[in-house]
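Start counting the sequence shown at 330; every next residue gets the next number (our numbering).
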Amino acid sequence: MSVYDLFFAFGKPGTYFLDHTKDTCEQRLPKSYYEWTETRPIQTVNSFAANANDTLFMCWEDRDGRGQGGYNRGLKRDYPALYEFVEEHGKRKCRVAFGPDPGDFVVFLPETGKAKWKHTGISESRVLKGKKRVKHCSLGQNDAYVVLWADGAVTWAVDHNYPELEKILQNTNQGDVVFVCLNPYRSNEFFIALADGVVHIRASALAERHVLNILSDYSSIQVITSNVTKSSQSLSSKLGLSSSTRTKEFTKFIAKEVAGGIISTAIAATFSCTVM
330 MSVYDLFFAF
340 GKPGTYFLDH
350 TKDTCEQRLP
360 KSYYEWTETR
370 PIQTVNSFAA
380 NANDTLFMCW
390 EDRDGRGQGG
400 YNRGLKRDYP
410 ALYEFVEEHG
420 KRKCRVAFGP
430 DPGDFVVFLP
440 ETGKAKWKHT
450 GISESRVLKG
460 KKRVKHCSLG
470 QNDAYVVLWA
480 DGAVTWAVDH
490 NYPELEKILQ
500 NTNQGDVVFV
510 CLNPYRSNEF
520 FIALADGVVH
530 IRASALAERH
540 VLNILSDYSS
550 IQVITSNVTK
560 SSQSLSSKLG
570 LSSSTRTKEF
580 TKFIAKEVAG
590 GIISTAIAAT
600 FSCTVM
């Protein structure tokens with residue numbers, strides 16, 4: 330697997346979704362997600378957006394190669410303009426991101442570049458007014474955004490709330506950024522995958538360790554986390570821990586950090602991986 334096979338999304342605080350070659354991993358997603366994917370298992374995710382109210386939009390390819398799309402009833406309530414766009418153009422064709430403020434969103438059609446949005450930063454910059462095709466877009470705190478174009482270029486406005494990501498982006502050239510996602514609910518939390526195989530994640534310690542545990546199975550990917558998590562990453566690499574051992578170590582970490590050494594079934598169940 331390479332970084333080109335990755336998809337990551339933040340939901341409301343404490344939730345996230347990771348799609349990679351072997352399986353999908355998630356923490357406490359809206360109920361609709363589990364209902365949809367139980368009967369239409371995921372092969373590849375193309376778009377995923379969940380907000381603080383558990384409103385969910387998602388489109389994916391199932392294991393039979395068929396395109397799927399879904400949104401729950403919160404979409405029409407929270408994003409009426411987005412709902413109309415999706416109904417007009419079709420769920421499976423749309424790519425969606427939610428912002429942190431109520432009603433903020435961006436939706437686009439990757440094949441044509443047609444887009445619609447409600448977001449101050451994107452409106453003021455007029456970044457989506459042209460005819461360039463968009464590959465991916467993410468919205469963040471205080472009108473922050475990142476747009477990844479089909480030609481490999483990147484446009485961003487993240488300096489005030491995502492300073493570490495700003496430094497990474499400043500050192501990239503066209504084609505270097507494969508995927509990028511902002512956490513709309515927490516400053517300086519993000520996920521970015523680069524063409525050289527490096528993945529940077531800044532999130533909660535639990536989320537970082539979970540993602541590190543999963544992606545360390547892939548020798549072609551190097552995961553760089555915050556200073557909080559780097560010590561465990563280095564130790565695992567030096568000891569050559571297997572995936573099953575890393576999973577046990579990760580569970581021990583949750584027990585120690587979250588439950589004071591006593592982990593409940595409920596806490597363990599919040600981390601879920603589905604084998605594909």
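Heads up, the beta-carbon is just placed ideally off N, CA and C, and yes, glycines get one too.
By DSSP, does residue i sit in helix, in strand, or in coil?
| i | result |
| --- | --- |
| asparagine 471 | helix |
| glutamate 440 | coil |
| glutamate 390 | strand |
| threonine 554 | coil |
| serine 452 | helix |
| serine 516 | coil |
| arginine 402 | coil |
| arginine 424 | strand |
Taking the alpha helix (DSSP H) that residue i falls in, what are its first and last residues?
| i | result |
| --- | --- |
| arginine 538 | 534-544 |
| valine 415 | 409-418 |
| valine 548 | Note that residue 548 is serine in the sequence shown here, rather than valine. Element bounds for serine 548: n/a, residue is neither H nor E. |
| leucine 498 | 492-499 |
| threonine 373 | From DSSP, threonine 373 is part of no alpha helix (DSSP H) but of the beta strand (DSSP E) over 371-379. |
| threonine 366 | 360-368 |
Take the Cβ of residue i as the centre, count every other Cβ of all protein chains shown within 10 Å, and call the residue buried at 16 or more, exposed below.
| i | result |
| --- | --- |
| tyrosine 408 | buried |
| asparagine 375 | buried |
| glycine 504 | exposed |
| glutamate 416 | exposed |
| serine 467 | buried |
| asparagine 556 | exposed |
| glutamate 348 | It should be noted that the sequence gives aspartate, not glutamate, for residue 348. Per the 10 Å Cβ criterion, buried. |
In chain order, what residues of the same chain have a beta carbon less than 6 Å from the beta carbon of residue i, not counting five sequence neighbours either side?
| i | result |
| --- | --- |
| alanine 532 | Glu518 |
| valine 552 | Val528, Leu541, Leu544 |
Leaving out the 5 sequence neighbours to the left and right, which residues in its chain are closer than 8 Å to residue i when beta-carbon positions are compared?
| i | result |
| --- | --- |
| tryptophan 478 | Lys461, Arg462, Val463, Lys464, Thr484 |
Could you pull out every residue in the same chain whose Cβ sits closer than 7 Å to the Cβ of residue i, ignoring the five residues on either side in sequence?
| i | result |
| --- | --- |
| glycine 432 | Asp407, Tyr408, Lys447 |
| threonine 554 | Ile530, Glu537, Leu541, Gln562 |
| serine 454 | Ala486 |
In the DSSP output, which residue or residues are listed as bridge partners for residue i?
| i | result |
| --- | --- |
| aspartate 348 | Phe336, Thr353 |
| threonine 484 | Val476 |
| arginine 531 | Phe519 |
| alanine 524 | Looking at the DSSP assignment, alanine 524 forms no beta bridge with any residue, so it has no partner. |
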